[in-house]
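Add 308 to the 1-based position in the sequence shown for our numbering, that's all there is to it.
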Amino acid sequence: MKICVTSQGDNLDAQVDPRFGRCQYFIIVNTDTLEFEAVKNPNMDAMGGAGIQSGQIMANRQVKAVVTGNVGLNAFQTLNAAGISVLTGVSGNVRQAIEKYKKGELKPTQVPTTAAKSA
Numbered sequence: 309m310k311i312c313v314t315s316q317g318d319n320l321d322a323q324v325d326p327r328f329g330r331c332q333y334f335i336i337v338n339t340d341t342l343e344f345e346a347v348k349n350p351n352m353d354a355m356g357g358a359g360i361q362s363g364q365i366m367a368n369r370q371v372k373a374v375v376t377g378n379v380g381l382n383a384f385q386t387l388n389a390a391g392i393s394v395l396t397g398v399s400g401n402v403r404q405a406i407e408k409y410k411k412g413e414l415k416p417t418q419v420p421t422t423a424a425k426s427a
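What follows is the structure, given as structure tokens:
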């Protein structure tokens, strides 16, 4: 299965980035083989819409789940509409997050974990 872990670096030993839409990297990993691709987030410094655009990247890459610290309303709605599970409250390094996911220790969230931004 292909999942995404938000990351502060480009490898499995990097720390999980607590942000989804503005994380530094998306680590897209095959949970069966641990083969991964580090994708620098083009939305990290976006003026607006980072969550939606980042969610669209996940849909285009056909990931089944996003593992992160927090997710905002727009990102959550975009991921939810694409059928992507969102697992929040995750910290530690990317490798640890993947292991927790594989063991079933992370549960999908049903609501955004950060407030919507005001214009």
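Idealized CB from N, CA, C, for every residue including glycine.
- In this chain, the alpha helix (DSSP H) harbouring Leu387 covers Leu381 to Ala389.
- Val313 places its beta carbon 8 Å or farther from that of Ala383.
- Gln418 sits in coil when the DSSP states are folded into three classes, being neither helix nor strand.
- For the pair Ser399 and Val324, the CB atoms are nearer than the 8 Å cut-off.
- If only uninterrupted beta strand (DSSP E) runs of at least 3 residues are considered, those enclosed by the segment 325-404 are 333-338, 344-348, 373-375 and 393-395.
- Cβ-Cβ distances below 7 Å link Leu414 to Val375, Leu395, Val398 and Lys408 in the same chain, with the five nearest sequence neighbours on each side left out; the list follows chain order.
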